[in-house]
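This report concerns only the one structure given below.
2 protein chains.
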Amino acid sequence: MYINHISSYIPSTKIPNDYFENLNGLSDEWILERTGITERRKAGQLENTQTMGVEAVKRGLEDLPYHPDEIDLIVGGTYTPYDTIFTLGHAIQKYLNKSDIPVLSISTACSTFINAVEVVEGYFALNKASKALVVLSEHNTLYSKDEDQKAGHLWGDGAAAVFISKEQLKADDLKIKQVITGGAGNVGKASESVFLRPAHEGFEMPHGRDVFVNACQYMSGITQRILDENNYKIGDVNYLIPHQANLRITKKVMENLNVDAGRALSNIQYLGNTGCAGAAIAMDENKSKFNSGDVIVVTVFGGGYSYGAMLVEC
Amino acid sequence: MYINHISSYIPSTKIPNDYFENLNGLSDEWILERTGITERRKAGQLENTQTMGVEAVKRGLEDLPYHPDEIDLIVGGTYTPYDTIFTLGHAIQKYLNKSDIPVLSISTACSTFINAVEVVEGYFALNKASKALVVLSEHNTLYSKDEDQKAGHLWGDGAAAVFISKEQLKADDLKIKQVITGGAGNVGKASESVFLRPAHEGFEMPHGRDVFVNACQYMSGITQRILDENNYKIGDVNYLIPHQANLRITKKVMENLNVDAGRALSNIQYLGNTGCAGAAIAMDENKSKFNSGDVIVVTVFGGGYSYGAMLVEC
Numbered sequence: 023m024y025i026n027h028i029s030s031y032i033p034s035t036k037i038p039n040d041y042f043e044n045l046n047g048l049s050d051e052w053i054l055e056r057t058g059i060t061e062r063r064k065a066g067q068l069e070n071t072q073t074m075g076v077e078a079v080k081r082g083l084e085d086l087p088y089h090p091d092e093i094d095l096i097v098g099g100t101y102t103p104y105d106t107i108f109t110l111g112h113a114i115q116k117y118l119n120k121s122d123i124p125v126l127s128i129s130t131a132c133s134t135f136i137n138a139v140e141v142v143e144g145y146f147a148l149n150k151a152s153k154a155l156v157v158l159s160e161h162n163t164l165y166s167k168d169e170d171q172k173a174g175h176l177w178g179d180g181a182a183a184v185f186i187s188k189e190q191l192k193a194d195d196l197k198i199k200q201v202i203t204g205g206a207g208n209v210g211k212a213s214e215s216v217f218l219r220p221a222h223e224g225f226e227m228p229h230g231r232d233v234f235v236n237a238c239q240y241m242s243g244i245t246q247r248i249l250d251e252n253n254y255k256i257g258d259v260n261y262l263i264p265h266q267a268n269l270r271i272t273k274k275v276m277e278n279l280n281v282d283a284g285r286a287l288s289n290i291q292y293l294g295n296t297g298c299a300g301a302a303i304a305m306d307e308n309k310s311k312f313n314s315g316d317v318i319v320v321t322v323f324g325g326g327y328s329y330g331a332m333l334v335e336c
Numbered sequence: 023m024y025i026n027h028i029s030s031y032i033p034s035t036k037i038p039n040d041y042f043e044n045l046n047g048l049s050d051e052w053i054l055e056r057t058g059i060t061e062r063r064k065a066g067q068l069e070n071t072q073t074m075g076v077e078a079v080k081r082g083l084e085d086l087p088y089h090p091d092e093i094d095l096i097v098g099g100t101y102t103p104y105d106t107i108f109t110l111g112h113a114i115q116k117y118l119n120k121s122d123i124p125v126l127s128i129s130t131a132c133s134t135f136i137n138a139v140e141v142v143e144g145y146f147a148l149n150k151a152s153k154a155l156v157v158l159s160e161h162n163t164l165y166s167k168d169e170d171q172k173a174g175h176l177w178g179d180g181a182a183a184v185f186i187s188k189e190q191l192k193a194d195d196l197k198i199k200q201v202i203t204g205g206a207g208n209v210g211k212a213s214e215s216v217f218l219r220p221a222h223e224g225f226e227m228p229h230g231r232d233v234f235v236n237a238c239q240y241m242s243g244i245t246q247r248i249l250d251e252n253n254y255k256i257g258d259v260n261y262l263i264p265h266q267a268n269l270r271i272t273k274k275v276m277e278n279l280n281v282d283a284g285r286a287l288s289n290i291q292y293l294g295n296t297g298c299a300g301a302a303i304a305m306d307e308n309k310s311k312f313n314s315g316d317v318i319v320v321t322v323f324g325g326g327y328s329y330g331a332m333l334v335e336c
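Residue numbers (our numbering), protein chains in the order written: chain A, 23 to 336; chain B, 23 to 336.
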């Protein structure tokens, strides 16, 4: 499988840390020290996961190395849905105006990017698809409460579109060597540490410490495993793209793996935690840096709990 | 692929049509004539998609022809989520206490049963799983408004668990011959005819007529297609299990296909529309009827729009 193209969309409204100081007393310094975040983006009044997903796709179509009519599978990924019936995947289908192809939307919280790629891998293995579009979109600020001192300052909105096919189409396509996913819903405080119950308590993270500890452990562990299974050493990795949850988690993962923190690609500083879209947005933002032969690991962890890794070669 | 086992759970509280006469003036006669429904079930105060899903799984484990530890893939399906982060799939994983296997939750509205089976088919093709558990669960009454004259009387709650493996394990296992799915998000009023926008308007069906017309057309069409692709004639089909949306839709599908209406398996009369769980519950309820050599077609259509069919042989 190859990533032939990737694109993203970030809403224009910036919310700096100062906003929270006025709202709930969390200072810029306090937020920065604990999360690495200085500002995040907030979707506009008329935006939602679907409009942001469509925007990301629209940008991708500009340089897509094949006609969009060739797309034969759409997988939407979000845990902040606008509509759970006419889902993100269906909204993308409507935008592309392409009937009668498999379309589904999934959620495994912040790990959804990699789970979605694994679903695509399955459709490719079945020969039921050959050009897939994975759209990751989160509207965290719709469900989070700004005044929430535990987590309100973490969340940002954004979307990414990842165009994956069976074939290499351009010299700079990214080859997906392996994908691993795993649920860990029976581990730690998975059921209660971070949740989004749309009809009940909403979006909260009462046990951030449990998320932190497990995120560090799983993102390091799965990175090491995918490298081992492909006979790579950690020193071979040019870039690590972790789930963009918290800069301290990223630093701890790099420390666990004994890698220079500079090899991690991060956008949480200016986008906040954009959920399942974060790592894909980082891949889009940095794609011009990637050189032939580079080894990239995407490693993600989500509430639920759920984790995954993808080994990519340029 | 084989369905080795299937089980279901229905909450105990019955809501008869009379309830709506008192509430919004829709009479028993009016509801029965237009939908075929006489009563539906409503989840209890402490129940939700996850508790109902777990109950369905618990019942299935009683007679499961292998140890539950052998389950190596969990796919949850719901459009009425209790939690979009610790998802239905993760709740099932926690109940089974089985770590480090792929777990995901999907929504393609009422067609999710068949989309989930297709995701399983992909994992099997990749040799990333060999014993999958698909759990379909809907808590429609959580999101619907009882007083809604257009749709409040349609919805019921319930769950089903479908245990699928690569191998035939018992003489009466159901062989899945083919699975087809398709999105139709760009067709008709797909984006607005029926929706569940948790943070906005909630669950509504303002254009039931468009749903009705497309459901009849797609469920008939995909049934004919899956039979054609397997060299079966409609007369070869012993049972048709349609999405349980409305008894008039089922009758129209049978009429379109020119099949005796008695061959359709229905539970909407006493369960209402239980979303993506309905057809799987019907399969569980009727499994003792199936005889060796029987040909069964499951045909579904969901808001979004989304459709699918599965050809099964006993």
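Just so it is clear, CB atoms sit at the ideal spot from N, CA and C, and this is done for glycine as well. On a predicted model such as this, the values are computed, not experimentally measured, just so you know.
Pairwise C-alpha distance: residue j and residue i
i	j	result
A:Ala181	B:Ala183	33 Å
B:Thr57	B:Phe323	16 Å
A:Thr296	A:Thr102	11 Å
A:Gly207	B:Glu77	17 Å
A:Pro38	A:Thr60	6 Å
A:Leu347	A:Pro124	Coverage of chain A is limited to positions 23 through 336, which leaves residue 347 of chain A absent and any answer about it impossible.
B:Asn149	A:Lys199	16 Å
B:Ser29	A:Cys336	47 Å
A:Lys167	B:Phe108	19 Å
B:Gly99	B:Gly66	20 Å
A:Asn308	A:Leu287	8 Å
A:Asn137	B:Asp250	33 Å
B:Glu381	B:Gly174	Nothing can be reported for residue 381 of chain B: it is not among the residues displayed for chain B, which extend from 23 to 336.
A:Asn278	A:Glu140	26 Å
A:Phe185	A:Tyr104	23 Å
A:Gly325	A:Tyr292	22 Å
B:Gln246	B:Val334	14 Å
A:Tyr329	B:Glu43	49 Å
Residue from the options with nearest C-alpha to residue i
i	options	result
A:Lys197	A:Ile318, A:Met276 and A:Leu45	A:Ile318
A:Val259	A:Lys274, A:Ala299, A:Ala221 and A:Ala283	A:Ala283
B:Ser177	B:Gln190, B:Glu189, B:Thr163 and B:Gly330	It should be pointed out that residue 177 of chain B corresponds to Trp in this sequence rather than to Ser. Taking only the C-alpha atoms, the option nearest B:Trp177 is B:Thr163.
A:Thr106	B:Tyr327, B:Glu43 and B:Met332	B:Tyr327
A:Met23	A:Leu191, A:Arg63 and A:Thr109	A:Leu191
A:Ala267	A:Lys255, A:Arg231 and A:Tyr261	A:Arg231
A:Asn70	A:Val235, A:Asp250, A:Glu84 and A:His161	A:His161
A:Met332	A:Leu293, A:Phe108 and A:Asn252	A:Asn252
B:Thr321	B:Asp306, B:Val201, B:Glu223 and B:Ser310	B:Val201
A:Lys116	B:Tyr292, B:Lys309, B:Asp50 and B:Ser213	B:Ser213
A:Ile271	A:Gln239, A:Arg81 and A:Tyr254	A:Gln239
B:Leu158	B:Thr245, B:Ser310 and B:Gly75	B:Gly75
A:Leu269	A:Tyr254, A:Ala193, A:Gly294 and A:Ser215	A:Gly294
B:Val216	B:Tyr254, B:Tyr165 and B:Glu189	B:Tyr165
A:Asp94	A:Lys120, A:Phe312 and A:Pro220	A:Lys120
Closer than 7 Å at the beta carbon, the chain B residues around residue i
i	result
A:Arg219	Tyr104 and Asp105
A:Asn236	Result: empty, since nearest Cβ-Cβ is about 12 Å, beyond 7 Å.
Neighbour list for residue i in chain B, Cβ cutoff strictly below 9 Å
i	result
A:Gly204	Ser121, Asp122, Ile123, Pro124 and Val125
A:Val216	Ile107 and Phe108
A:Ala212	Phe108, His112, Gln115 and Lys116
Cβ separation of residue i and residue j, assumed to be a contact under 8 Å, to the nearest whole Å
i	j	result
B:Thr134	B:Cys298	4 Å
A:Ala147	B:Gly144	6 Å
A:Leu118	B:Ile128	Not really, about 20 Å apart at Cβ, beyond 8 Å.
A:Leu262	A:Val235	Contact doesn't hold; Cβ gap of about 19 Å is too wide.
A:Pro90	A:Lys64	About 29 Å separates the two Cβ atoms, so there is no contact after all.
B:Ile114	B:Leu155	7 Å
B:Glu84	B:Lys153	The Cβ separation is near 17 Å, so there is no contact.
7 Å Cβ cut-off: residues of chain A touching residue i
i	result
B:Tyr145	Gly144
B:Tyr101	Thr106 and Ile107
B:Thr296	Result: empty, since nearest Cβ-Cβ is about 15 Å, beyond 7 Å.
B:Ala182	Per Cβ cutoff of 7 Å: no residues; B:Ala182 is ~18 Å from chain A at best.
Neighbouring residues, chain A, relative to residue i (Cβ below 9 Å)
i	result
B:Glu140	Pro124, Leu126, Gly144, Tyr145, Leu148 and Lys150
B:Asn208	His112, Gln115, Lys116, Tyr117, Leu118, Asn119, Lys120 and Ser121
B:Asn137	Pro124, Val125 and Leu126
B:Ala131	Thr106, Ile107, Phe108, Thr109 and His112
Exercise. Between the stretch 162-179 of chain A and chain B, which residues of the former have CB atoms less than 7 Å from a CB of the latter, in chain order?
Worked result: Contacts with chain B (Cβ-Cβ distance below 7 Å) from the stretch 162-179 of chain A involve Leu164 and Tyr165, listed in chain order.
For this session: Using a Cβ-Cβ cut-off of less than 8 Å, list which residues of the stretch 86-98 of chain A approach chain B; keep chain order.
Result: For the stretch 86-98 of chain A, which is checked against every Cβ of chain B, the residues closer than 8 Å are Ile96.
Problem set entry | Interfacial residues, the stretch 317-334 of chain B to chain A, with Cβ spacing under 7 Å | The stretch 317-334 of chain B vs chain A, Cβ under 7 Å: Gly325, Gly326 and Ser328.
Problem set entry | Residues in the stretch 75-86 of chain A having any Cβ partner in chain B nearer than 7 Å | Correct list: empty, as no residue qualifies.
Exercise. What residues in the stretch 259-281 of chain B have a beta carbon less than 7 Å from any beta carbon of chain A?
Worked result: Close to chain A, meaning a Cβ-Cβ distance shorter than 7 Å, is no residue of the stretch 259-281 of chain B at all.
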